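Note sheet for the following structure.
In this note's numbering, the protein residues as written are 251 to 319.
Encoded structure:
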């Protein structure tokens, strides 16, 4: 997963999207921003979050255009 350049949020609507994310989604977004592109298995190893939580968080991050595959 790759973090979109809009991570540095300046737009009001984008801020709303960021604040509406779950803590797990925010944590994964932070991890991707710090570590660069990671696949689901790498995220699982680094966070110890359940696979289902990671999949859901990545789905939400993609839907809100914070990351892309």
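Glycine residues also receive a C-beta, built at the ideal position from the N, C-alpha and C atoms. Computed from a predicted model, the values in this text were never measured in an experiment.
- Straight through space, the alpha carbons of residue 315 and residue 308 are spaced by roughly 10 Å.
- As summarised for the stretch 256-315, the continuous alpha helix (DSSP H) elements at least 4 residues long and confined to that stretch are 262-269, 273-285, 290-297 and 301-313, given in chain order.
- The three-state secondary structure of residue 318, taken from DSSP, is strand.
- Three or more Cβ pairs closer than 8 Å define a contact, and the stretch 261-272 falls short of that threshold against the stretch 280-294.
- The Cβ atoms of residue 279 and residue 311 lie closer than 8 Å to each other.
- Between residue 284 and residue 304, the C-beta spacing is not below 8 Å.
- In chain order, 290 and 294 place their CB closer than 8 Å to the CB of residue 301, counting only its own chain and leaving out the 5 sequence neighbours on each side.
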